[in-house]
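Colleague: This structure is in structure tokens; I'll ask about it shortly.
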């Protein structure tokens, strides 16, 4: 490792040289390879081993099960649509074919997302003369996982650049953004290129093949709008996840593994995850009781397994920057998002999925929720003076 | 009426090199240094000049804001150096020992028989006074204030901290005299907050004239500010005085013997110390007398504990408020893929390192930052280790933006930098919270008092 360190030091460009971005890129690479041996001089002399890179890499690790499953499912859906495997077949038949096909479809999206986003980050870091901040390590992985597999790569690039610039850098960069960067990317595409982000054409990659007769590429939630509750796959199918949907969001099991990693390491807030589920469940139950439309008949528990709910609860709502910061606030915030998600899903006829919008809405309300919690604390302190 | 206080939030950082409960031979004290920098916001005015012969208790400088607060020499000898920094700020006043142990004489009596003014005067004149600090602002107490209570902490939960019970053991009479003096200074209560985790020394449990509270829990349970917050919090407009049980001994000795006896017992600790033990020395002593070949190469010398202490050289001097000399390994090495390595040897308040599986292991931590400074990203980290009913991040943000109005509302009067030490330790974003707090307290003091 010493040789590598020497080599890196040798090629170190000057910070104030002709191309400031060269130093930024070098610094990014160097701190990626080595945690710099800076030592503390003021304040605590010893420091926790954790830093933002480690925090972020834990989230990326937590996303790996969903990514791997997504890759496999893309292949599975592909061969299912072409009729090369049947619904009744063992899901593991043609294992490698599915995996390789999925990888060919998914990995370019991941690469484009990282390339576009990190490109923007490097430029901003160079212009603002600060080090590369790690926030995009996670956003770069989240963006592909919430895209439909057939999204054109240029759209991924445009959406990512838009999200990083407008969603984050204009607010001051990592840690300063108001809304979740990955969701900005998806919302941007949803409103800018609706035909590529919804409907029944984009969720299953057909490649050059031709779908078998009677094939529908719609997501379960899309099916429900058109075909009623019966068209929705069973609860078990939604938990396992071999259904059409965004790349990473179909398997509750894979997402659950990620949730486990986040909760054990203490990086993801269990409060938000649980309270969002409770909020969704309560709203679902309320609609079940009313039972007015077809869609409100979906069992409340089943709602939580469908669409982006689980993925949103585990990876999106828990984003520490845009979520509520106080412990009580987190519970309110989760409840709010859970309720809004199901409300939008059921009550909005044009849009069969509500989680993304609900979380964006939650992000906007998070500071207000916190403000109320902190104000209560302030009032308590003021009261103490009067009674004392 | 005593109180039981259980602190649940916080964390004990177990480091290698805790002191054995034994004394090494008393350190020879060749010189002492007083550093006005140990007292936040103090503007010192010199009395002594280089070449002056002083006794223990002879004033060296005083507080410009309140000339009654005097700082006296802890030993007898000669003022040999007065070092200044930029703008002629006084950094160090050095006194070389003459080995005569001569003392100025002060009033010698049981404080119970004295009036409040007499006790106050004795403390101020002898130079013992600066040991007493106050909240708000965590500065030297203002003798003109009427504190609503005095809080004495008899436990220290910081990493490698000295065991106060071990040090005071057998000094019941002196300790009680000190308490009697303090009891004269307030119309409220004197709280003696003892260790509720195990059996406190009988000197503490038998103390009279005070309310004894049992405090248990992880660090920062030993911080006097945390204790006061749970026993009787400071509100706007109120003042409490705080000190440590070991300081009470100095006060007790003043009244028993009529002289300023600044000797103190210091825990000499850390993984770089060959045999960590307790050492009898004097306030401000040169640490080379204490080290005496008992350390390994490559250590960082810290006057105080590794969370709140000050870095000093191996020829440096103990700080005014420090009862601990820590020597821990210096860092500085780049860690290849350090941010993704399993990290069995890294202690973390989060569970992102596998070290969380071995909670009782003792760690040999060095001074590496383990990362670079970033914006506040993670939430809930500070709250986990900040056992007050205060929102630390909101308070810090008000402090960073110098928003005094919000600081007041969010509880600035109750906190001291040391209460944020664990927050700073565990901060993912590597923000220097103690510095932020200190600067904010200085600002509020300047603007509001």
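Chains as they are written, first to last, in the numbering used here: chain E, 3 to 390; chain R, 5 to 453. Note that beta-carbon positions come from the ideal geometry of N, C-alpha and C, so glycine has one too. Given the structure is predicted, the values throughout are model-derived calculations rather than measurements.
Would residue 126 (chain E) pass as an interface residue toward chain R - the criterion being a Cβ-Cβ separation below 8 Å?
Modeller: Residue mapping note: residue 126 (chain E) aligns to position 124 of the first chain, counting from 1. So, not an interface residue.
Colleague: Rounded to the nearest angstrom, how far is the Cβ of residue 157 (chain R) from that of residue 249 (chain R), given a contact under 8 Å?
Modeller: As a working mapping, residue 157 (chain R) is identified with position 153 in the second chain. As a working mapping, residue 249 (chain R) is identified with position 245 in the second chain. Indeed they touch by this definition, with Cβ atoms about 7 Å apart.
Colleague: Thinking just about the alpha-carbon of each residue, which of R:78, R:30, R:54, R:23 is nearest to the one in residue 263 (chain R)?
Modeller: Here residue 263 (chain R) is taken as the residue at index 259 of the second chain, counted from 1. Nearest C-alpha to residue 263 (chain R): R:78.
Colleague: Is the segment 37-49 of chain R touching the segment 89-105 of chain R, taking contact as three or more C-beta pairs under 8 Å?
Modeller: yes
Colleague: So, is residue 304 (chain R) buried or exposed, given that buried needs 16 or more other C-beta atoms within 10 angstroms?
Modeller: Residue numbering aside, residue 304 (chain R) sits at position 300 when the second chain is read from its first letter. That one is buried.
Colleague: What did DSSP end up calling residue 198 (chain R) once you bin it into helix, strand or coil?
Modeller: Within the second chain, the letter at position 194 stands for residue 198 (chain R). Here residue 198 (chain R) sits in strand by DSSP.
Colleague: Among E:369, E:279, E:160, which one has its Cα closest to the Cα of residue 195 (chain E)?
Modeller: In the first chain, counting from the first residue as 1, residue 195 (chain E) sits at position 193. Nearest of E:369, E:279, E:160 to residue 195 (chain E), Cα basis: E:160.
Colleague: Got a sec, what are the start and stop residues for the beta strand (DSSP E) residue 87 (chain R) sits in?
Modeller: Start at 1 with the first residue of the second chain, and residue 87 (chain R) comes out as number 83. Segment 81-88, the beta strand (DSSP E) holding residue 87 (chain R).
Colleague: Could you tell me whether the Cβ of residue 133 (chain E) comes closer than 8 Å to any Cβ of chain R?
Modeller: Position 131 of the first chain, counting from 1, holds the residue named residue 133 (chain E). For residue 133 (chain E), the answer is yes, since a Cβ of chain R falls inside 8 Å of its Cβ.
Colleague: Can you tell me whether residue 343 (chain R) is buried or exposed, with buried defined as 16 or more other CB within 10 angstroms of its CB?
Modeller: Walking along the second chain from the start, residue 343 (chain R) turns up at place 339. With at least 16 other beta carbons inside 10 angstroms of its own, residue 343 (chain R) counts as buried.
Colleague: Tell me the DSSP secondary structure of residue 372 (chain R) in three-state form.
Modeller: Within the second chain, the letter at position 368 stands for residue 372 (chain R). Note: residue 372 (chain R) maps to strand in three-state DSSP.
Colleague: Checking 8 Å against the spacing of the C-beta atoms, do residue 67 (chain E) and residue 260 (chain E) come in under that value?
Modeller: By one-based count along the first chain, residue 67 (chain E) stands at place 65. By one-based count along the first chain, residue 260 (chain E) stands at place 258. Yes, Cβ-Cβ distance for residue 67 (chain E) and residue 260 (chain E) is below 8 Å.
Colleague: Indicate whether the contact test is met: 3 or more Cβ pairs, each with one atom in the segment 334-343 of chain E and one in the segment 160-173 of chain E, closer than 8 Å.
Modeller: no
Colleague: List in chain order: all unbroken alpha helix (DSSP H) runs of 4+ residues lying wholly within the segment 243-302 of chain E.
Modeller: 254-267, 272-292
Colleague: Look up residue 152 (chain E) in the DSSP assignment and say whether it is helix, strand or coil.
Modeller: Residue numbering aside, residue 152 (chain E) sits at position 150 when the first chain is read from its first letter. Coil.
Colleague: List the residues of chain E whose Cβ lies closer than 8 Å to the Cβ of residue 180 (chain R), in chain order.
Modeller: One-based indexing of the second chain puts residue 180 (chain R) at position 176. Under the 8 Å cutoff, chain E gives no residues; its nearest Cβ is about 30 Å from residue 180 (chain R).
Colleague: Can you find a heavy atom of the ligand GDP that lies under 7 Å from the Cβ of residue 317 (chain R)?
Modeller: Ligands displayed in this structure: none; no statement on the ligand GDP is therefore possible.
Colleague: Listing by chain order, which chain E residues have their CB less than 9 Å from the CB of residue 373 (chain R)?
Modeller: By 1-based counting over the second chain, the position of residue 373 (chain R) is 369. Those are 37, 38, 39, 40, 41, 42, 49, 53, listed as they occur along chain E.
Colleague: Cβ closer than 8 Å: which chain E residues qualify as neighbours of residue 315 (chain R)?
Modeller: As a first step, residue 315 (chain R) is located in the second chain; it is residue number 311 there, counting from the start. Those within 8 Å of residue 315 (chain R) in chain E are 43, 47.
Colleague: Where residue 140 (chain E) and residue 64 (chain E) are concerned, what is the direct C-alpha to C-alpha distance, given to the nearest angstrom?
Modeller: Stepping through the first chain from its first residue, residue 140 (chain E) is reached at position 138. Stepping through the first chain from its first residue, residue 64 (chain E) is reached at position 62. The alpha-carbon atoms of residue 140 (chain E) and residue 64 (chain E) are separated by roughly 10 Å.
Colleague: For residue 119 (chain R), collect the residues of the same chain with a Cβ closer than 8 Å to its Cβ; drop the 5 residues on either side in sequence, then sort them by chain order.
Modeller: Position 115 of the second chain, counted from the start, is the residue given in the question as residue 119 (chain R). Taken in chain order, the residues that qualify are 188.
Colleague: What are the boundary residues of the alpha helix (DSSP H) that residue 129 (chain R) is part of?
Modeller: Position 125 of the second chain, counting from 1, holds the residue named residue 129 (chain R). From DSSP, the alpha helix (DSSP H) with residue 129 (chain R) extends over 120-130.
Colleague: According to the neighbour-count rule (16 or more other Cβ atoms, all chains shown, within 10 Å of its Cβ), is residue 126 (chain R) buried or exposed?
Modeller: Here the question's residue 126 (chain R) lines up with position 122 in the second chain. Buried.
Colleague: Measure the alpha-carbon distance for residue 293 (chain E) versus residue 361 (chain E) and round it to whole angstroms.
Modeller: Residue mapping note: residue 293 (chain E) aligns to position 291 of the first chain, counting from 1. Residue mapping note: residue 361 (chain E) aligns to position 359 of the first chain, counting from 1. Whole-angstrom Cα-Cα distance: 25 Å.
Colleague: Kindly list, in the order they appear in chain R, the residues whose Cβ is closer than 7 Å to that of residue 266 (chain E).
Modeller: As a working note, residue 266 (chain E) is residue 264 in the first chain. Those are 355, listed as they occur along chain R.
Colleague: Tell me the residue span of the beta strand (DSSP E) that contains residue 217 (chain R).
Modeller: Reading the second chain from its first residue, position 213 is the one you call residue 217 (chain R). Note, residue 217 (chain R): beta strand (DSSP E), 215-220.
Colleague: Looking at the strands, I want to know which residues DSSP matches up with residue 345 (chain E).
Modeller: Here residue 345 (chain E) refers to the residue found at position 343 when the first chain is read from its first residue. According to DSSP, which records beta bridges pairwise, residue 345 (chain E) is partnered with nothing at all.
Colleague: Any C-beta of chain C sitting closer than 8 Å to the C-beta of residue 327 (chain E)?
Modeller: Included in the structure are the protein chains E and R, with no chain C among them.
Colleague: Provide the residue span of the beta strand (DSSP E) that contains residue 99 (chain R), from first to last.
Modeller: Taking the first residue of the second chain as 1, we reach residue 99 (chain R) at position 95. Per DSSP, the unbroken beta strand (DSSP E) holding residue 99 (chain R) starts and ends at 94-101.
Colleague: Identify the residues that DSSP records as bridge partners of residue 244 (chain R): which are they?
Modeller: Working through the second chain from its first residue, we reach residue 244 (chain R) at position 240. BP columns for residue 244 (chain R) point to R:139, R:153.
Colleague: Quick one: is residue 1 (chain R) near chain E, going by C-beta distance under 8 Å?
Modeller: Since the displayed chain R opens at 5 and closes at 453, residue 1 (chain R) lies outside it and no answer follows.
Colleague: Going by DSSP, name the residue or residues bridged to residue 314 (chain R).
Modeller: As a working note, residue 314 (chain R) is residue 310 in the second chain. According to DSSP, which records beta bridges pairwise, residue 314 (chain R) is partnered with R:307.
Colleague: Going by alpha carbons, who is nearest to residue 87 (chain R) out of R:432, R:447, R:41?
Modeller: The sequence position of residue 87 (chain R) within the second chain is 83, counting from 1. Of the listed residues, the one whose Cα sits closest to residue 87 (chain R) is R:41.
Colleague: When the distance is taken between beta carbons, is residue 347 (chain R) closer than 8 Å to residue 51 (chain E)?
Modeller: Translated into positions along the first chain, residue 51 (chain E) becomes position 49. Translated into positions along the second chain, residue 347 (chain R) becomes position 343. A contact, by the Cβ cut-off of 8 Å.
Colleague: Would DSSP call residue 362 (chain R) helix, strand or coil?
Modeller: Here the question's residue 362 (chain R) lines up with position 358 in the second chain. Coil, per DSSP.
Colleague: So, with DSSP's three-state summary, where would you put residue 267 (chain R)?
Modeller: The residue labelled residue 267 (chain R) in the question sits at position 263 within the second chain. Strand.
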